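Engineer:
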Amino acid sequence: MTLTANQISARIDSWVRPHIRSLKPYASARDEFQGTAHVFLDANENPLGSATEKQVNRYPDPLQRAVKAQLAPIKGVRPEQIFLGNGSDEPIDLLFRCFCEPGKDVVMLVPPTYGMYQVSADINQVETIQVPLTLDYQLDLESMQDAMQAHVKGIFLCSPNNPTGNALSKEDMIEVLEMAPGWVVVDEAYIDFDPDNTMLGLLDDYPNLIVLQTFSKAWGMAGLRLGMAFAHPEIVQVLNKVKPPYNINAVTQEMALEALSQVDKKDEMVRQIIEERDRMALELSEWNAVDDIFPSQANFLLIKVPDAAKRYQELIEQSVVVRNRSKVLLCDNCLRITIGTKAENRQFLQTFAQILETPHNV
Ligand SMILES: *Cc1c(COP(=O)(O)O)cnc(C)c1O
């Protein structure tokens with residue numbers, strides 16, 4: 368069923384919490400005047416400069432226009448389909464605050480998945496419905512359909528999924544977009560390691576699709592805190608209305624522009640990490656002491672070993688830290704290992720081989 372622009376508008380509008388719909392947002396100095404001028408005396412800034420080498424005395428663009436203009440062609444979207452946040456955490460939280468009425472709306476989660484969706488739901492006092500993935504970590508469409516209710520305001524999918532590493536089937540995700548009464552987030556934090564599976568190309572077909580990406584993984588900028596949400600312009604407008612006016616600071620905007628002008632640098636790092644990941648997976652697959660290595664489209668491996676919690680502690684004693692996921696649903700005895708540098712990976716393999724008392728040659 369194809370909806371008209373007006374029908375899409377009405378549908379998105381109906382998701383917005385009433386007090387947000389009627390909210391009069393803060394109008395910053397840079398909102399009220401955006402042109403060029405010689406004299407800016409409108410924002411109580413310090414005209415003399417900064418107490419630091421780097422000059423950051425002026426407020427940044429609240430809508431990050433320069434970054435979005437450079438990002439849009441790289442992602443194949445229009446600037447008005449982009450929201451930038453202080454990490455992915457910010458758009459996740461804003462989705463709850465803008466769209467989910469505590470005690471009334473619910474969101475659907477598909478564990479095992481990224482823990483932040485549940486935390487954000489809890490912070491915002493929004494109930495979650497859990498529909499576990501299948502044993503091969505794909506969507507259980509039938510159970511999702513059975514659990515679907517009119518007040519499921521949002522659904523969070525993650526592909527490639529954290530902590531399992533695999534991509535979800537695109538056809539399945541499209542079915543979810545079709546069956547959902549509200550919006551569907553596809554968190555693509557790891558998409559640079561699996562670019563062919565991005566859902567970005569479906570934005571124009573599915574106004575309820577919200578794609579999250581981040582500068583924290585492939586771009587190597589986790590310390591900066593810059594997350595992206597790609598969605599229908601009217602969803603972006605709602606998020607913009609509620610976000611803190613200057614949520615992306617001037618230094619972050621500057622560094623994002625620098626990064627976006629060097630896409631090949633990111634691509635080269637991705638290539639190296641994938642090469643290391645596949646080498647690690649191959650090596651571990653030859654160890655009898657490792658019960659399972661799950662296929663990964665991301666920058667980490669999920670592996671199953673006997674007594675994972677103990678192995679985790681033993682690794683720590685040898686100064687190697689991995690993520691213990693053994694308490695997570697469907698991840699019994701699993702450890703999540705981020706792909707490091709060649710030297711770090713070698714050290715992990717050596718240490719882990721000792722712990723597992725398994726022969727190892729590299
Ligand atoms: C790492 C990660 C993120 C990134 O979060 P930021 O707040 O942007 O650093 C988002 N989603 C998933 C699933 C992740 O694993």
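When we follow our numbering, the leftmost residue of the sequence shown carries the number 368, and every step to the right adds one.
Ideal Cβ placement from N, Cα and C applies to all residues, glycine included.
No experiment lies behind these values; they were computed from the predicted model shown.
What does the alpha-carbon distance come out to for the pair Ile722 and Gly707?
Structural biologist: Going by the C-alpha atoms only, they are around 19 angstroms apart.
Engineer: Where does the unbroken alpha helix (DSSP H) through Ile387 begin, and where does it stop?
Structural biologist: Unbroken alpha helix (DSSP H) run through Ile387: Pro385 to Arg388.
Engineer: Is the Cβ-Cβ distance between Lys671 and Cys701 less than 8 angstroms?
Structural biologist: Closer than 8 angstroms, so yes.
Engineer: Extract the residue ranges of the alpha helix (DSSP H) inside the segment 524 to 595, only unbroken runs of 4 or more that lie entirely within it.
Structural biologist: 537 to 546, all fully within the segment 524 to 595.
Engineer: Mapping DSSP to helix, strand and coil, what is Asn373?
Structural biologist: Note: Asn373 maps to helix in three-state DSSP.
Engineer: DSSP state of Lys421, grouped into three classes?
Structural biologist: The answer is coil: DSSP assigns Lys421 none of H, G, I, E or B.
Engineer: Whose CA, out of Arg692, Leu716 and Ala656, lies closest to the CA of Gln685?
Structural biologist: Of the listed residues, the one whose Cα sits closest to Gln685 is Leu716.
Engineer: Residues in the same chain with beta-carbon distance under 7 angstroms from Leu624, minus the five sequence neighbours each way, listed in chain order, please.
Structural biologist: Same-chain partners within the cutoff: Ala433, Val434 and Gln437.
Engineer: Where are the beta strand (DSSP E) runs, 3 residues long or more, that stay fully inside the segment 389 to 467, in chain order?
Structural biologist: Complete beta strand (DSSP E) runs here, min 3: 449 to 452.
Engineer: Using a threshold of 8 angstroms, state whether the C-beta atoms of Ala665 and Gly454 are closer than that.
Structural biologist: Not closer than 8 angstroms, so no.
Engineer: Between Lys537 and Asn564, how many whole angstroms is the CB-CB distance? I'm expecting something under 8 angstroms.
Structural biologist: Confirmed, about 6 angstroms.
Engineer: Using C-beta distances below 7 angstroms, list every residue in its chain close to Cys756, excluding the 5 sequence neighbours before and after it, in chain order.
Structural biologist: Here the chain has residues from 368 to 729 only, and residue 756 is not among them.
Engineer: Around ligand 1, which residues pass a check of Cβ closer than 5 angstroms to any of its heavy atoms?
Structural biologist: This selection yields Gly454, Ser455, Asp456, Tyr481, Cys525, Asn529, Asp554, Ala556, Thr581, Ser583 and Gly594.
Engineer: For Leu702, does the three-state DSSP call read helix, strand or coil?
Structural biologist: If DSSP states are grouped into helix, strand and coil, Leu702 belongs with the strands.
Engineer: Compare the beta carbon distance of Asn528 and Val551 with 8 angstroms and say whether it is the shorter of the two.
Structural biologist: Contact: no.
Engineer: Which residue from Lys709, Met475, Gln620 and Phe466 puts its Cα closest to that of Met546?
Structural biologist: For Met546, the nearest C-alpha among the options comes from Met475.
Engineer: Looking only at DSSP bridge pairs, what is Gly707 linked to?
Structural biologist: Bridge partners of Gly707: none, in fact.
Engineer: To the nearest angstrom, report how far apart Lys520 and Thr369 are at their CA atoms.
Structural biologist: About 21 angstroms.
Engineer: Could you tell me which residues DSSP puts in a beta bridge with Phe597?
Structural biologist: Bridge partners of Phe597: Ile449 and Val578.
Engineer: Across the segment 568 to 582 and the segment 596 to 610, are there enough close Cβ pairs to call them in contact, namely three or more that are closer than 8 angstroms?
Structural biologist: In short, these stretches touch, since the Cβ pair count reaches three.
Engineer: Which residues does DSSP list as the beta-bridge partners of Lys677?
Structural biologist: Note: Lys677 sits in no beta bridge, so no partner.
Engineer: Restricting to Cα atoms, I'd like to know which of Asp699, Arg690, Glu724 and Leu682 is closest to Gln714.
Structural biologist: It is Leu682 whose Cα lies nearest to the Cα of Gln714.
Engineer: Where does Gln721 fall in DSSP's three states?
Structural biologist: Residue state, collapsed to three classes: helix.
Engineer: Cβ of Ile441 within 8 angstroms of Cβ of Val637?
Structural biologist: Not in contact: Ile441 and Val637 (Cβ atoms no closer than 8 angstroms).
Engineer: Pairs of beta-carbons, one from the segment 603 to 613 and one from the segment 643 to 657, closer than 8 angstroms: are there three or more?
Structural biologist: Contact fails: fewer than three Cβ-Cβ distances are below 8 angstroms.
Engineer: Whose C-beta lies closer than 8 angstroms to the C-beta of Lys421 among residues of the same chain, with five residues either side of it excluded?
Structural biologist: Closer than 8 angstroms at Cβ, skipping near neighbours: Val618.
Engineer: Starting from Gln497, follow its DSSP beta bridges and name the residues at the other end.
Structural biologist: According to DSSP, Gln497 bridges with Leu476.
Engineer: With DSSP as the reference, identify every bridge partner of Lys471, one or two as the case may be.
Structural biologist: According to DSSP, which records beta bridges pairwise, Lys471 is partnered with nothing at all.
Engineer: Where does Asp489 sit, in a helix, a strand or coil, going by DSSP?
Structural biologist: Note: Asp489 maps to helix in three-state DSSP.
Engineer: What three-state label does DSSP hand Asn655 in the structure shown?
Structural biologist: Note: Asn655 maps to coil in three-state DSSP.
Engineer: Kindly identify the DSSP beta-bridge partner or partners of Ile730.
Structural biologist: Here the chain comprises residues numbered 368 to 729, so residue 730 is not present and cannot be evaluated.
Engineer: Smallest Cα separation from Asn691: which of Asn491, Arg425, Leu668 and Lys709?
Structural biologist: Out of Asn491, Arg425, Leu668 and Lys709, Leu668 has the C-alpha closest to the C-alpha of Asn691.
Engineer: Candidates His727, Asp571 and Glu653: which alpha carbon is nearest Gly443's?
Structural biologist: For the residues His727, Asp571 and Glu653, the minimum Cα distance to Gly443 belongs to Asp571.
Engineer: Is it right to say Asp460 is buried, meaning 16 or more other beta carbons lie within 10 angstroms of its own, or is it exposed?
Structural biologist: Buried.
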